[in-house]
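Here the structure is laid out as structure tokens; the discussion comes afterwards.
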Amino acid sequence: MLQVVKGRMLQAMHKGLSRQTHAQANVRMLPTYICSTPDGTEKGDLLVVELCQSHVRTMWVTLLGDGNQSPQVMYKIFSMPGDIMQGKGEALFDFIAQCVRQFLAGISSPQHHLPLGFVFPFSCRHTRLDKAELISWSKGFSCSDVEGKDIVQLLQSAINKQELYHVDVVALMNDTVGTMMTCSMAGKPCEVALVVGTGTNSCFMAMAQQVEMAEETSGQMCVSTEWGCFGDDGTLSDILTPYDQCVDEESSNPGEKRFEKLVSSLYLGEIVRHVLTALAAEKALFIGSNVAVLRTKDVLKIQQVLEIIDNEEGTAEARRALEALGLRPSERDCCRVQQICQAVVSRAATLCAAGLAAILSHMCQSQELKQLVVNVGVDSELYRGHTRFGEILQSVTGLLAPECMATLLPSIDGTGWGAAMVTAVALRLAAQRHEVDQVLAPLRLSRADLQRVQALMRQEMELGLGWESNANASVRMLPTYVCGTPNGTERGEFLVLDLGGTNFRVLLVRLAEDGIHMASKIYIIPTTITQGSGEELFDHIIECIMDFQLKHNLTEQVLPLGFTFSFPCQQLGLDKAVLLSWTKGFSASGCAGQDVVQLLQEAAQRKQHLGLKVVAVVNDTVGTMMSCGYDDPKCEIGLIVGTGTNACYMEKMQNVGAVEGDQGRMCINMEWGAFGDNGCLDDIFTDFDRLVDEKTINAGKQRFEKLISGMYLGEIVRHILLALVEKRLLFRGKPCPKLQIKGIFQTKFLSAIEINGLALRQVRAILQDLELQASLEDSVLVREVCQTVSVRAAQLCAAGLAAVVEKMRENRGLAQLAVTVGVDGTLYKMHPW
Ligand code: ADP
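One rule links them: number in this note's numbering = place in the sequence shown (from 1) + 1045.
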């Protein structure tokens, strides 16, 4: 049955969390906007005000940032005049503000800015930590003009009326949340709390994205379950006893708070009383006594019930209590009354356990954990000093949620201390947010910044195209001698070489009616060869071709060969390309300044390979544009975002200064990775970019590429993370030796971490592999850093592309241009967005 109750609680919780069903939910799962537990670095002076049943408690707390080991606390209790609870709302808040003024006057506090946390133990609809509307009064309060109003504002205005302008209400929370925070120690966070007093409620740290009523989507948020109303829709009717029905009918709110009426201390004595009444009527108890007294409400106090259940002294206590009521219990009566009290308290404990097990299983599941290890703060008069309730709660929770290991922690200091922690944490988070924003601000580009980048790219393109200005341009705008794009009718069989990406490949491509057929083989080129002599390199390439031809029975044929050679080349014809410089780790000697087709032919001769007919040398951007163009004739731009970045597009011949002739178009290999090498982007570069650049083999070169491409994004992130650690904003400032290693944070991690909806646990696991012990908050921050760097890369790439499409549109004198961009590169393909 308890398993069933747990299941129903889980259902009710889901109903409360979902935006669609929230309005009808009994378990309302109210967001609290508390997104973190204390980490021990909190420090400063804080004020706490706690509104209690019959008094107001004010508290001054000084935190020293020492793991909250030695907080200094002063407090004062003000009893509340009885009429205030049912009077005007204004009078209530004026009274609270006066308490604050008197308290501060009494301790001659300094007049510096003083943050205040307010414990307000009623159901509120939060929209921020410091903005919360009262949903409805309870616990005997019914002040006018407060329901539906923002409590923080009411208190702040009352405080201002007292001319305490330095006091700033920064957080409002209920007592359950206060308990959770009270039990949180540095390095030992408490993420669940349970309050079972005159009422009952619980709260826990949920994954923010599941709390649909709040806008937060990353990290955690504490949710106040408001589980006292569990069962108000009838879900508990099959476990309610006739005694519970009587208790409910006699209560001030029949039909409401059904769960609370089964577990909270206000009702347990009443349940026992109804059981005794029923048994006495059946003559099973108190034979010969006048039992009329049992008809009086509240004659049995919870304190008595708790003392009666004590095994040793219990029966004696039962006798005392019963005799005080004028009953004349026999020895057997006393034993039975003890059994009844035990049954009622045990049931309360097991029901709380079912609720707690639901919370724990929910947490375990939503964090995708196999096992959840968690601390649970408990504030309950049933728990304090009475082992039975706690033992049952612990053991039954274990049985109902065996996948969770919960440690119950009794709350000692009440909720005020917890409120101080909430307030301190809120301030810490605000200060940290400010610092994080400062670190990341230079990486966040405005629309105006991007428009400037676009304009600069356009300017550099014009310089690069001009015959005379080319030498001063950072974007080289190399002619490719590719003068048309495919229309899809091209047919034939071709041999292809692909050199300059991550792998060297040889391919056989057949363009046929029924589609494109390809066979390919990857050949490893050892570094000794890529960095050896040019002759060795090209000899090796020929050997690979011969091996491929042998494997595919092509030795007898002379197929036209296309060569994708992705290094900057000065092309003098479609089949004539002079290597300007090696990049991407190649450095074979004697090649720069040479025609690579010539180098290939010479190697073929050396190897006595006679059937080689090189028709075209193209860059990878051109290859990408052409292959996409085969399917889509509108594809007139090629873009690469992989290890490096580059683009090409179809330019009007008229504009191509380096090549004679004005007719038609030619594809231009922009080599845009070098954009900014002349200093024009200097104000976009951040200190992180400069650190990354300094450590590359081509410092000061390929500056645009170093903001965008796969070889660098991980490094940028790594440097930002180091800076955040240094500022103690990440990993609690603990040094991370692994993070010092160049290249350790690979760009593929960005892709993994940024996947939408990825559980933070997985982010944590990725970081764990780097020996980074990330808390959930750390994981959220790392993800934000990755996103910031990726967004900037994509935006800069877009600004460059915008310059290209605008130029093409103007070239053609169109108001609107429809064009397709063929894109390749692992970063583009693998990054989630
Ligand atoms: P190339 O540009 O050399 O032809 P690729 O297009 O395959 O090669 O790109 C390789 C680059 O892609 C690597 O530098 C690496 O940083 C990056 N990369 C690899 N895997 C991923 C991934 N999952 N997400 C983002 N980038 C990746």
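Cβ atoms here follow ideal geometry from the backbone N, Cα and C, with glycine treated the same way.
None of these values were measured; they are calculated from a predicted model.
- Not a single heavy atom of the ligand ADP lies less than 8 Å from the C-beta of Thr1082.
- The residues Leu1092, Val1212 and Val1214, in chain order, have a CB closer than 6 Å to that of Leu1161 in the same chain once the five nearest residues on each side in sequence are set aside.
- In this structure, Leu1109 has its CB at a distance of at least 8 Å from all heavy atoms of the ligand ADP.
- The beta strand (DSSP E) runs lying completely inside the region 1162-1212 and spanning 3 residues or more are 1168-1173 and 1176-1181, given in chain order.
- It is roughly 11 Å from the alpha-carbon of Gly1052 to the alpha-carbon of Ala1446.
- Between the ligand ADP and the CB of His1157, the shortest heavy atom gap is not smaller than 8 Å.
- For the pair Met1698 and Val1527, the CB atoms are not nearer than the 9 Å cut-off.
- Every unbroken stretch of the beta strand (DSSP E) spanning 3 or more residues and falling wholly within the region 1538-1588 is given here in chain order: 1549-1557 and 1560-1568.
- By alpha-carbon distance to Ile1567, the top candidate from Ala1768, Leu1542 and His1157 is Leu1542.
- Residue environment for Ala1326: exposed (fewer than 16 other C-beta atoms within 10 angstroms of its C-beta).
- Ser1310 is a Cβ neighbour of Leu1427, given a cutoff of 9 Å.
- In the same chain as Val1191, and ignoring 5 residues on each side of it, the C-beta atoms closer than 8 Å to its own belong to Gly1134, Leu1137, Leu1179, Trp1182 and Leu1199, in chain order.
- Cβ neighbours of Cys1144 within its own chain (closer than 6 Å, five residues either side excluded): Val1101, Thr1103 and Phe1123.
- Around Asp1707, the same chain offers Met1698 and Gln1699 as residues with beta carbons nearer than 7 Å, after the five sequence neighbours per side are excluded.
- No Cβ-Cβ contact shorter than 9 Å links Met1695 with Met1715.
- Between the C-alpha atoms of Leu1812 and Arg1806 there is a straight-line separation of about 10 Å.
- In this structure, DSSP gives Met1074 a state outside helix and strand, which the three-state scheme calls coil.
- Rounded to whole angstroms, the Cβ separation of Asn1664 and Ser1611 is 6 Å, and the two are in contact under 8 Å.
- In this structure, Cys1080 is the residue among Ala1366, Cys1080, Leu1321 and Asn1356 with its C-alpha nearest to the C-alpha of Val1256.
- Inter-residue distance for Cys1725 and Leu1501 is about 7 Å (C-alpha atoms, whole angstroms).
- According to the DSSP secondary-structure assignment, Thr1107 is paired through a beta bridge with Asp1090 and Gln1117.
- Relative to the ligand ADP, even the nearest heavy atom lies 8 Å or more away from the CB of Gln1504.
- By the 16-neighbour rule on beta-carbons within 10 angstroms, Arg1373 is exposed.
- Val1868: member of the beta strand (DSSP E) spanning Thr1865 to Asp1869, first to last residue.
- Counting along the chain, Pro1455 sits inside the beta strand (DSSP E) bounded by residues Cys1449 to Pro1455.
- His1876 has its CB nearer than 8 Å to a heavy atom of the ligand ADP.
- Residue environment: Met1054 is assigned as buried (16 or more neighbouring CB atoms within 10 Å of its CB, all protein chains considered).
- For Tyr1694, the uninterrupted beta strand (DSSP E) run begins and ends at Thr1690 to Lys1697, by DSSP.
- In the three-state reduction of the DSSP assignment, Asn1515 falls in the helix class, which pools H, G and I.
- Residues of the same chain with a CB within less than 7 Å of the CB of Gly1110, apart from the 5 flanking positions on each side, are Thr1086, Glu1087 and Lys1088 in chain order.
- Annotation for Leu1159: Leu1092, His1211 and Val1212 place their beta carbon closer than 6 Å to its own, counting only its chain and skipping 5 residues before and after.
- DSSP places His1597 outside both helix and strand once states are collapsed to three, so it counts as coil.
- For Leu1826 and Val1808, the gap between their C-alpha atoms comes out near 11 Å.
- With a minimum length of 3 residues, the unbroken runs of beta strand (DSSP E) contained wholly in the region 1115-1153 fall at 1117-1124.
- Shortest gap from the CB of Gly1755 to any heavy atom of the ligand ADP: under 8 Å.
- Between Thr1690 and Gly1867, the C-beta gap is not smaller than 9 Å, which leaves the two residues out of contact.
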